[in-house]
Each structure stands twice: as C-alpha cells, then as structure tokens.
Amino acid sequence: MATILSKSPPTYNANNVQGSVKQITDYLRYLHENVDFLLGQLKKKDTDTYDTLAKIQETLSSIKSSISTIEAEYTALEARVSALEKVK
1 MATILSKSPP
11 TYNANNVQGS
21 VKQITDYLRY
31 LHENVDFLLG
41 QLKKKDTDTY
51 DTLAKIQETL
61 SSIKSSISTI
71 EAEYTALEAR
81 VSALEKVK
C-alpha cells in the first residue's frame, strides 16, 4: 500500500527558531500518526490472513477426515467384492 504524504517537510527559518521547531514538531507528529495508522492496517491484514489460514486448515482437516472415511469404506467394499468373486 503506497501512500503519498500530503505535507512536505517544513523549512528551517533562522530568524524564527521557535516557530521552526514548532513546525518540525508538528510535522513529526503528522508522520507518527501516519506510521501508526499504517501499522494498524498491517496488523489488521495480518489478523485477517491468520483467520483465513485457520479456516483453510480446518477445511483441510475435514477433507482429510473425509478421505480417510472413504478409504476405509473402499477397503471394506473391496473385501466384499473379493468375497463375492470367490463365491462364484
């Protein structure tokens, strides 16, 4: 996610040191708020990704269980077919 900052860094004015320091402080606060916001967005994305992966893992576990059940039923059916073939 790219962001272009709407504010540019303040310029230093040697004739107004106090005003320059205030502008720099305000600019740093602005940058901090942007970084804070971006970190919050990244954390939210990480949480969403983790939740999605947990759901996928649960689904895969369910599929694995279903495959095991099908495999057991297939083995039982194979045994029954073999038994029927021997009876003929």
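Residue numbering for the sequence shown follows the working numbering, beginning at 1 and increasing consecutively.
A virtual CB, placed ideally from N, CA and C, is assigned to each residue, including glycine.
Check	Outcome
Hey, would you say Gln23 sits closer than 7 Å to Pro9, going by beta carbons?	no
Could you compute how far the alpha carbon of Glu78 sits from the alpha carbon of Ser62?	24 Å
Distance, Cα to Cα, Ser66 vs Arg29?	55 Å
How long is the line joining the alpha carbons of Asn16 and Asp48, rounded to whole angstroms?	48 Å
If you run the structure through DSSP and keep just helix, strand and coil, what is Thr69?	helix
Taking just the CA atoms, how far does Gln57 sit from Tyr51?	The sequence as given places Asp at residue 51; Tyr does not occur at that position. About 10 Å.
According to DSSP, is Lys64 part of a helix, a strand, or is it coil?	helix
Tell me which residues share the same chain as Ser20 and place their Cβ nearer than 6 Å to its Cβ, disregarding the 5 neighbours each side in the sequence.	Tyr12 and Asn13
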